[in-house]
Every structure is written in structure tokens, then in C-alpha cells.
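Counting from 329, one number per residue, gives the positions in the sequence shown under my numbering.
Every residue gets a Cβ at the ideal spot worked out from N, C-alpha and C, and that includes glycine.
Have a look at the structure below, then the notes.
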Amino acid sequence: MVSGDPLVVRDAVSGKEKWARPGVTIPGAKLITGGGTLYLASAEYDGDVVSLDPATGKETWRSRLGKGYEQPCPVAADDQHVYVLAGILEEDLSSTTNVIAAIDATSGKIAWREQRDKGTEEFGITAAVVGGRLAYTDFRKNVTVRDTTTGRQLWMKKIGRSNYYRFALHENLLIVPDGQRLRAFARAAGTECWSLANEKFTWCNDPQVVDGVLYASDSAYGMWAVNPGTGK
């Protein structure tokens, strides 16, 4: 799936175009998939979240949080919900606070909606869903975990440097690049389980677990291979 106008879907083996639809979404928008469904923000900037069948490109439903919210943005999805962030509009149409909401994957109805803490924003989001938990980071240097059924915030931690791209998940751990360190938090409680320091003035980037090993690059063109359970 290639985000643009038109939205294009190609066969992964041959590269041949399977279908294309103009005017579906904003060029460069995130394409969020979950439960065999594609979710994206409407190209009309009208506040709609659109659900598509990725095999055919046919629309299955449209949903809207309400008139009091700035353009919603899908950030993650699973079999039950698509999770959406949106700014809360003030009377002067400014937006200093925001909400995170879950939309039912079958009906398009709002399952829950929770206002996020002050000092967070709806931009620069990296998110993932695993084991009934929604985890995400943002440009305001926060890492947050919520219950996917109720939306209740389980914990939030401040980290020392914005997370722009990716964090890693391993068993019960959430592993975040935080400046010169990799930090592993317990997904359930938010307690820090281990921390691995890099060289001075060298930033850690993009951790990912592959076949039981945590790999991360750094700003000095280095590559780290780490035991994700212990940080060694």
C-alpha cells in the first residue's frame, strides 16, 4: 500500500497494481492496518476516519469523533479497535489539549474516548498494540500505556529525548531509545527494568527485536545487538 493521491495497492510479489483510488486520503498519511482492515484519515479534512478493505479498496464505514475535535489521526489498530488521536477545539478554534479514542472495528462507533494529560500532543506519535495494551510515544517526550478495553491510562513516563521513529516490544517489556540510552520498561507497571548507556554524545535509534535479539543503530554509525530481557 502506497500512501498518496491516488492511494495505490500493489501485489507484493509482482509489483503489479491491484487497485488505485483518488481522493481517499491525505498524501503521505499513515496507513494503519489491523484485523485485515485499512484505516486512514479522510482526504476531505472533515474529521472522518475511513475504514477500507485493503483487498478491494471498498469503503466499509466512516466514523467521526464529533464537531469539537480537530482532524483525527489513526495511530494503531487491532482486531477490535482503531485508535485515534485528535485535538480538542477551544472557542477560538485553538487546540492545547487532545484526546485518544477507540473506534469499534466492526461498526465504526466510538468505544471509548479519554482526554490525555496536559503536556502531551497529537503529533509525532509512534504506537503499537499488544496483549490488550496500547503503547505510544510522542514529540513531548512521553511514553504512555493504556488498557485497550476501557482506555484507562495505566502509566506514563517522561523520557529525556523525543522518540521519532520506533520502539521495541519484547515479552512484557517496552524498549525505548532515550538519548544516549536504551531503556526497558515493564509494560504492565511502567517500572524501569534495565538501561543500557551508549557512548557520550551518541544517540540510540530505532530498536527492533528479531529472532529474540534486540538490534539498535546509533548516531555514530554503530549497530548494537542486545539481550532484550537483560539489556546486556
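Check	Outcome
Please list the segments of the beta strand (DSSP E) lying wholly inside the region 372 to 430, counting only runs of 3 or more residues, in order along the chain.	376 to 380, 387 to 392, 401 to 405 and 409 to 416
Is residue 407 buried or exposed, if buried means 16 or more other CB atoms sit within 10 Å of its CB?	exposed
Which whole-angstrom value describes the C-beta separation of residue 648 and residue 531, a residue pair presumed to lie in contact below a C-beta threshold of 8 Å?	It is not possible to answer for residue 648, since the shown part of the chain is limited to 329 through 560.
Report yes if the CB atom of residue 460 is closer than 9 Å to the CB atom of residue 477, and no otherwise.	yes
Express the C-alpha separation of residue 538 and residue 551 in angstroms, rounding to a whole number.	14 Å
Between the alpha carbons of residue 481 and residue 471, how many angstroms are there, rounded?	11 Å
Could you tell me which residues DSSP pairs with residue 544 in its beta bridges?	552
For the candidate residues 487, 501, 497 and 517, whose alpha-carbon lies nearest to that of residue 508?	487
Counting only runs of 3+ residues fully inside the region 445 to 524, write out the beta strand (DSSP E) ranges in chain order.	454 to 458, 461 to 466, 470 to 475, 481 to 486, 496 to 498, 501 to 506 and 509 to 514
Could you check what DSSP says for residue 440 in three-state terms: helix, strand or coil?	strand
From 450, 364 and 436, pick the residue whose C-alpha is nearest to that of residue 442; which is it?	450
Thinking C-alpha only, which one of 363, 348 and 329 is nearest residue 341?	329
Smallest Cα separation from residue 542: which of 549, 527, 529 and 558?	558
Output the boundary residues of the beta strand (DSSP E) element that contains residue 341.	Element bounds for residue 341: n/a, residue is neither H nor E.
Below 6 Å CB to CB, which residues in the same chain sit around residue 498 once its five sequence neighbours on both sides are set aside?	537 and 556
Spatial neighbours of residue 463 within its chain, please: CB distance less than 6 Å, with the 5 preceding and 5 following residues excluded, ordered by chain position.	456, 473 and 502
By a C-beta neighbour count over all protein chains shown, 10 Å radius and 16 as the cutoff for buried, is residue 529 buried or exposed?	exposed
Over what stretch of residues does the beta strand (DSSP E) that includes residue 534 continue unbroken?	532 to 538
I'd like the span of the beta strand (DSSP E) that includes residue 360, first residue to last.	360 to 362
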